[in-house]
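For the sequence shown, the residue numbers in my numbering are 3 to 614. Glycine included, each C-beta is placed from N, C-alpha and C at the ideal position.
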Amino acid sequence: MTFVKRSGTQPLLIVAAACVIGVLVAEPASLRVLHDSKPGESVTFNRDIAPIIFHSCSTCHRPGEAAPFSLLTYTDVKQHARQIADVTRSRAMPPWLPEPQELKFADELRLRDAEIDLIARWVEQGAVEGNPQDLPPQPKFVEGWRLGKPDLILTATKPFTLPPQGTDSYWNFIFPVPIQETKWVKAVEIRPGDKRYVHHANILVDREEASRRQEKEPGAGFGGMEIRIESQVFDPDSHLLFWKPGTVPYVEPEGMELRLDKGTDLVLNTHLQPSGKPEVIQPSIGLYFSSHPATKLPMLLQLENDVKLDIPAGEKNFLVTDDFVLPVDVDLMAIYPHAHYLGKDIQAFATLTGGKKETLIHIPQWNLNWQAVYRYAEPVRLPKGTTVSFRYTYDNSDQNPLNPNRPPVRVRGGNRSSDEMCHLWLQMLPVNFDVAKGDPRMALQEALARHNVEKNQGDFEAHYNLGSMLQTRDDLDGAIREYQEAMSLRPEDATANNALGAALVARGNAARATEFLRKAIQLRNDYFDAHYNLAFALAGQDDFAGAAKEFQLALGIRPDDAGAEANLGVALAQLGRFKEAKAHLQRALEIDPEQPVAKENLEALKRETAEH
Ligand code: HEC
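In structure tokens form, the structure reads like this:
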């Protein structure tokens, strides 16, 4: 009888996570008419200033939002007039970090010079109210869910109590998504809790329940600024789901919906600031579903060069760069630069094959507190061969007001808030590709993994990801080589042991695989894949009793896995235990009536038992 493997003991792709998904941005721009008041003519609140404030400030400066006071009436604004003139002149408000550039961002929140001058003149002239008839209506804001009632609302199981004092906190809330079938999400609204204490938040999609392992008790969440999610099979992140004060939920363009499968967790990574008293934070997420599946294949490409971050204390201008050549044509949809507190000048640009250079973003004065995802007003076409580069400089001197260390200390790359980071996330949509030649995102991912391996032989994740890319396109020798490199860097990594074992099984080297798979299980006993793969390795050496035992252990971890049931049935049949075998094959078909291994082997079993 045949022993049919489930298609592929799958490798894992490690996405060096950090923040992300989404696309923020301020309230939809309403038309701003700047009254061309002549020099000498007096500037009034009602006619000249109110339109600017309503458009650019009131979104956040109103009750229930992040800003410390309201800017909705003449009295509100007059009270803070001088301060408003200062913060607009320095461009501290409204918060918008990028310099103006040729490639426009959607919903740019930046005052024009003329507006700043007008505010300054108004204050100089004594902050006059003016004619009530000139006052435009106050902006209307939607209370509650901005896009109306979501199709599904998820609320954190347990609130997190933010300690009254201390430095910023980072807390991750896990939201299991109770759906029974795949859904397509066209918008996500994040309601992070009291906006005065939640500085920003972003969602990561966890398809493997990998984050739950970090919780001390189910539903409690866990701390940490940057998190890392391992995802099985090639399923790269695709969307930037990001919230900061003033964010209006973004509805994805037709065809760009986010896929959400049964069993997925959403992990909300929040940046919290203590208030002086304990604050209870219990965020919710609203999901809006689309009736049709996505047709496009967006992907988040993450450039980084954290290994180069080793910034001496006092260093004012520490430069880190990276240059990556695109292997396919893409449309760049959004960009999200990320550094911690020492980041200063943040730049990214594209150099086209003809030599033309386009600034993708330039932030001359980085501020982690106002980090954001920037979406382009129009997709930016970047043809194959374009070099995407970043140049980040870091200021580790005591002249950097955001430097958390006084006096400064040496700082290296890492995930803690006391470490530094240089990441650039790019939401890209491959275009002009030929599906017959494979998934274009795969080409992007493989090129990136190769780039990272070349840049840094000591990059575990790059070796690992390159291995899984090679394995996906059946280059098993290449995959084994890369997994071995990864393993030499982290011999105690359960994921890498499992992947190497799985690749060796696929290569027909079951005996060698056994060692790594046993090691993976020793490192993580509840590792479903490792038990499953070990079962195959043992079966490959005709140890069907051992295989049956491992399938049983795998089923102890995931009782409803049709593949494990089916293969357990097959292993038992090999041992001549036909009755039990039949029961397991039938159970597999109860779970999944189309389970191919069960279908095929149940037929074979019937024939076999009929003959005897
Ligand atoms: C995206 C949300 C947002 C927008 C838009 C915004 N503010 Fe603010 N503003 C804040 C927050 C939050 C604070 C609290 C201080 C901080 O976190 O930096 C603040 C603080 C301020 C302060 C106090 C600064 C200080 O040093 O204490 C002033 C003045 C101010 N804003 C004016 C404005 C004006 C004027 C505009 C429009 C031109 C504006 N803000 C637009 C969020 C916003």
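Going by beta carbon distance, what residues of the same chain come within less than 6 Å of residue i, once the five residues before and after it are set aside?
i	result
residue 576	546
residue 542	512
residue 453	326
residue 202	246 and 273
residue 347	366 and 395
residue 184	263
residue 530	556, 559 and 560
residue 331	385, 386, 433 and 434
residue 359	351 and 353
residue 156	177 and 287
Tell me, please, which residues DSSP counts as bridged to residue i.
i	result
residue 427	304 and 338
residue 600	BP columns for residue 600 are empty, so no partner.
residue 291	187
residue 202	273
residue 434	Answer is none; residue 434 lacks a bridge partner.
residue 333	383 and 431
residue 282	163
residue 86	DSSP, once it has assigned bridges, lists no residue as partnering residue 86.
residue 626	The structure shown does not extend to residue 626, since the chain is modelled only from 3 to 614, so the question has no answer here.
residue 350	363 and 392
residue 245	203
List the endpoints of the continuous beta strand (DSSP E) containing residue i.
i	result
residue 272	267-274
residue 553	Here residue 553 belongs to no beta strand (DSSP E); instead the alpha helix (DSSP H) covers 546-559.
residue 361	359-365
How about residue i and residue j: are their beta carbons less than 8 Å apart?
i	j	result
residue 318	residue 240	no
residue 393	residue 349	yes
residue 433	residue 313	no
residue 225	residue 284	no
residue 51	residue 121	yes
residue 176	residue 217	yes
residue 143	residue 204	no
residue 223	residue 62	no
residue 344	residue 402	yes
residue 238	residue 443	yes
residue 209	residue 266	yes
residue 427	residue 304	yes
Return the chain-ordered list of same chain residues with a C-beta closer than 7 Å to the C-beta of residue i, the five sequence neighbours on each side being excluded.
i	result
residue 507	11, 515, 535, 538, 539 and 542
residue 65	72
residue 494	525
residue 472	480, 481 and 484
residue 33	Any reading at residue 33 must be qualified, since the residue scores a pLDDT of 43, below 50, and its modelled position is unreliable; the value itself is stated next. There are no such residues.
residue 138	52, 53 and 56
residue 580	607 and 611
residue 103	361 and 364
residue 379	106, 107 and 108
residue 1	Look at the range of the chain in this structure, 3 to 614, and you will see that residue 1 is not part of it.
residue 125	83, 84 and 87
Would you mind reading off the limits of the alpha helix (DSSP H) that contains residue i?
i	result
residue 124	115-126
residue 76	76-81
residue 466	462-474
residue 58	52-58
residue 479	478-491
residue 355	Careful: residue 355 lies outside any alpha helix (DSSP H) and carries neither H nor E.
residue 174	No alpha helix (DSSP H) contains residue 174, which is instead part of the beta strand (DSSP E) from 171-178.
residue 456	442-457
residue 507	496-508
residue 589	580-593
residue 520	512-525
residue 326	Run containing residue 326: none in the alpha helix (DSSP H); it sits in the beta strand (DSSP E), 320-327.
residue 392	No alpha helix (DSSP H) contains residue 392, which is instead part of the beta strand (DSSP E) from 389-396.
residue 149	First-last for residue 149: undefined, no H or E at that position.
residue 574	564-576
residue 540	530-541
Please list, in chain order, all residues of the same chain as residue i whose beta carbon is under 8 Å from its beta carbon, the five residues on each side excluded.
i	result
residue 308	415, 416, 422, 423, 424 and 425
residue 95	59, 86 and 89
residue 149	189, 191, 251, 253, 288 and 290
residue 440	475
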